Each structure stands twice: as structure tokens, then as C-alpha cells.
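> This is the structure I have questions about; it appears just below.
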Amino acid sequence: MQYVTFGKTDLTVSRVGFGGIPIQRIEKEGARALFDKLLECGVNYIDTARGYTVSEEYIGEAIDGRRDKFILATKSMARDKAGMEKDIGISLNNLRTDRIDLYQVHNPTMEQLDTVLAPGGALEALMEAKEAGKIDHLGITAHSLAVFERALELDWVETIMFPYNIVESQCEHLLEKCREKNIAFIAMKPFAGGAIEDGEAALRYIAANELVTVSIPGMYCIEEIETNTKYGADPSPLDEELQARVDKIRSELTGNFCRRCNYCAPCTVGISIPNVFLFAGYLERYGLEDWAKGRYATLKVKASECIECGVCETRCPYELPIRDMLKKAAAQFGE
């Protein structure tokens, strides 16, 4: 395992971390065996979130008695102070700890980030928790390039998490800015939400980029931990054969894969198109049907309300058949 300094923090993290979404698929009793294997393979960075149903709870039980072996990162979608205070308390209880290494503002829009930063916003709760010793470091996660760029200018941001993989490399031009500002970059969705099946190509592609601090593939079985740590910690340049596999994956997925760049917005009727496709990906590739449907249910306008005007498709830089993709999502979710 490779270890690197975690941006401007005083932490040293494994270049491969544990993504805590798929742990929802197993029984709580199996989590401890997973964490035994993580230790064996040298993984010390653990990512979870308040929104990942039982993930924090399972992780808390799995690390009980060996909290010092892991660096814990979680996140909340609360935007105001009261909501963030509540979520921090729940996270501490679930994770069975009195201190969380990294707490992140989870995927805000630009407007929501304004609320986070305003008086009475979530940042006040985070700062107070940090002052009280409940949180050591603060970060932000995003799917929007605009939010990524804005986060680079916020002095309290120590880490930024963003999708980065073979087919979602739209943030690449911002990674050098992360290094310049000594902000750790966390690559989420290294398999593009499960769309990339070649694990070696996916993880070697990321590991070869020294601007990536840590990647966090989701894992829920021993075999995945063994494979992901083997390839995700190999920083050597891609050889000709592996580069050809990367190029093939990119060409095959380019025409049917949403990168959540949000250029399709605004939808004529208000559909959050990138989120529809994000939740559909969880449904199709992670096997998390209940969770995906629960997230989809929070959308104010469903995929079935598409009027097929086609305006979104004229804006999509990847020429995706968005109307057909929305029809498929509406059928999957039943609305």
C-alpha cells in the first residue's frame, strides 16, 4: 500500500480508501471481517455518509476497539446549523467515537452552498464542532464543476471529493489547483458507479495520476478489497496494453454515460436530469434498489414528467440520448 500526506492536514492516508456505500448490502456481522481485511491490506481511510442508511452504524461496530487504526470521513447533506449539529451527533454515536477525522458538506448546489455559508448555516455547526474537538478537518463533496471551483477558494476547505474515473475526467484541469492550494483530492466513483467492469484498468488509471490523493472504491466483500488494493496502490505508468484497455472503455461508454456536468440544465419542466441518472446507476449497478428508490423519491419532478422537448440534448456535450434515458429511468422507478 502507498501512503500519502492528506493535503494540508497532518494525516497520512492510504491511496486506496474504503467507499462505504455498498456495505449496506451485507449483514452487520460481516462488517468486522471486512475491516480485518482492510487492515491486512493496509487501508486506513474510511468514507461513509449520513445518507448511506446503515453504513455509519456498520462501520462503527466494525472498528470498535481499534478506532486508532482508521481515519474516519463522513458527510452530511444538512444545510443549516441545527440540521448539521444533529447529524454530527448522530455520526459520532453511529461511529462509536468522540472524534471524526474529516466531516464534509455533502454535494451542495451553488444555492445550497450559499445557505451553508450564511449566518445560521451548516458551516457554523462544523466550526463549533471543530473547536470542541469533535471534528478535526473539514471538506466538501460535489458533482458540479462550479461547486468544485468555488470550493477551491474557501479557506476552510481542506479536502474536495469529486467523481474521477476513465469516463468522468471533467475535473482534471482543477487537480493541479488542488495541489497548489494543498487541498487533498478524493476520487469518488472510480468505477463510474459500476459501469466500468475492468477493475485493473479503472484503478491503475487513477493511481497513475499523482494529483489524486486517495480513491475510494465501494467494497462489500473480501475479494473486492484484495483486487482494489492490488491495483489501486500501483502508481506505475500505464503500459501500451493497459492504455488500450482504458481507451476502449472510454470509447464504449462515451455515448451512453452521464458525467453529471449539468450542461443539460435547466430542464424545461424542472427534472434534475443528472440526479435521475445518478440514482438509476445505483439501482442498476450497485444493486441497492431500496436506497436508490428512496433517493429518487426525493426528486420533486420525476423522469416520467419529461415532455420530450429535446432542449437538453442540444446542450449535452456528449450527445447523450437523454429523452430515451429518461424513459428508461421512469420505467425502472415506476414514475
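Residue 419 in this note's numbering sits at position 193 of the sequence shown, and the numbers go up by one each step. Built from N, CA and C at the ideal position, the CB exists for glycine as well. All of these numbers come straight from a predicted model, not from anything done at the bench.
1) Looking only at its chain, what residues have a beta carbon closer than 6 Å to the beta carbon of Phe388, apart from the 5 residues adjacent to it on each side?
2) Asp273: which of Gly560, Ile366, Phe483 sits nearest, CA to CA?
3) Going by the CB atoms, is the gap between Leu352 and Leu371 shorter than 8 Å?
4) Which residue marks the beginning of the beta strand (DSSP E) containing Gln330, and which one marks its end?
5) Mind checking which residues open and close the beta strand (DSSP E) that includes Met414?
6) In chain order, what residues of the same chain have a beta carbon less than 6 Å from the beta carbon of Ala518, not counting five sequence neighbours either side?
7) Tell me the residue span of the beta strand (DSSP E) that contains Gly365.
8) For Ser317, which of helix, strand or coil comes out of DSSP?
9) How do the segment 322-335 and the segment 294-307 stand: do at least 3 beta-carbon pairs fall below 8 Å, yes or no?
10) Going by beta-carbon coordinates alone, are Ile289 and Phe261 separated by less than 8 Å?
11) Can you tell which of Ile497, Arg541, Pro547 has the C-alpha that lies nearest to the C-alpha of Thr524?
12) Tell me the residue span of the beta strand (DSSP E) that contains Ala299.
13) Among residues of its own chain, excluding the 5 on either side of Asp424, which ones have a beta-carbon nearer than 7 Å to its beta-carbon?
14) Would you kindly work out how many angstroms separate the C-alpha atoms of Lys307 and Leu349, rounded to a whole number?
15) Given that a residue counts as buried once 16 or more other Cβ atoms are within 10 Å of its Cβ, and exposed if not, what is Leu546?
16) What does the Cβ neighbour count give for Asn391, buried or exposed, with the cut at 16 atoms within 10 Å?
17) Measure the C-alpha to C-alpha separation of Val242 and Cys447 and round it to an integer number of angstroms.
18) Can you give me the start and stop residues for the alpha helix (DSSP H) that Phe417 sits inside?
19) Less than 8 Å separating the beta-carbons of Glu539 and Val495?
20) Would you check if the segment 428-443 and the segment 457-465 touch, i.e. whether three or more CB-CB distances between them fall below 8 Å?
21) Within 10 angstroms of its Cβ, does Ala557 collect 16 or more other Cβ (buried), or is it exposed?
22) Between the Cα of Glu255 and the Cα atoms of Tyr284, Asn270, Val280, Asp236, which residue gives the shortest distance?
23) Is the separation between the beta-carbon of Cys493 and that of Cys542 shorter than 8 Å?
24) How is Asp236 classed by DSSP in three states: helix, strand or coil?
25) Leaving out the 5 sequence neighbours to the left and right, which residues in its chain are closer than 8 Å to Met227 when beta-carbon positions are compared?
26) Could you give the uninterrupted runs of the alpha helix (DSSP H) lying entirely in the segment 411-493, keeping only those of 4 residues or more?
27) Between the alpha carbons of Val393 and Lys554, how many angstroms are there, rounded?
28) Between the C-alpha atoms of Asp465 and Asp473, what's the straight-line distance to the nearest angstrom?
29) Which same chain residues, not among the five before or five after Thr480, have their C-beta less than 8 Å away from its C-beta?
30) Considering Cα atoms alone, identify which of Ala304, Tyr271, Pro248, Leu264 is closest to Thr279.
In short, the structure shows the following:
1) In its chain, beyond the 5 residues on either side, Ala368, Phe374, Cys397 have a beta carbon closer than 6 Å to the beta carbon of Phe388.
2) Ile366
3) No.
4) 326-331
5) 410-414
6) Phe505, Tyr508, Leu509
7) Per DSSP, Gly365 belongs to the beta strand (DSSP E) from 361-367.
8) The three-state reading of DSSP puts Ser317 in helix, counting H, G and I together.
9) yes
10) yes
11) Ile497
12) Here the beta strand (DSSP E) through Ala299 covers 297-302.
13) Arg471, Ile475
14) 7 Å
15) buried
16) buried
17) Separation of Val242 and Cys447 (C-alpha to C-alpha, rounded to the nearest whole angstrom) is 15 Å.
18) Here Phe417 belongs to no alpha helix (DSSP H), and DSSP marks it neither H nor E.
19) no
20) yes
21) exposed
22) For Glu255, the nearest C-alpha among the options comes from Tyr284.
23) no
24) coil
25) Ser240, Arg241, Val242, Cys267, Gly268, Val269, Thr455, Ala459
26) 425-433, 448-458, 466-479
27) About 21 Å.
28) 12 Å
29) Closer than 8 Å at the Cβ level, and outside the excluded window around Thr480, lie Val393, Tyr544.
30) Pro248
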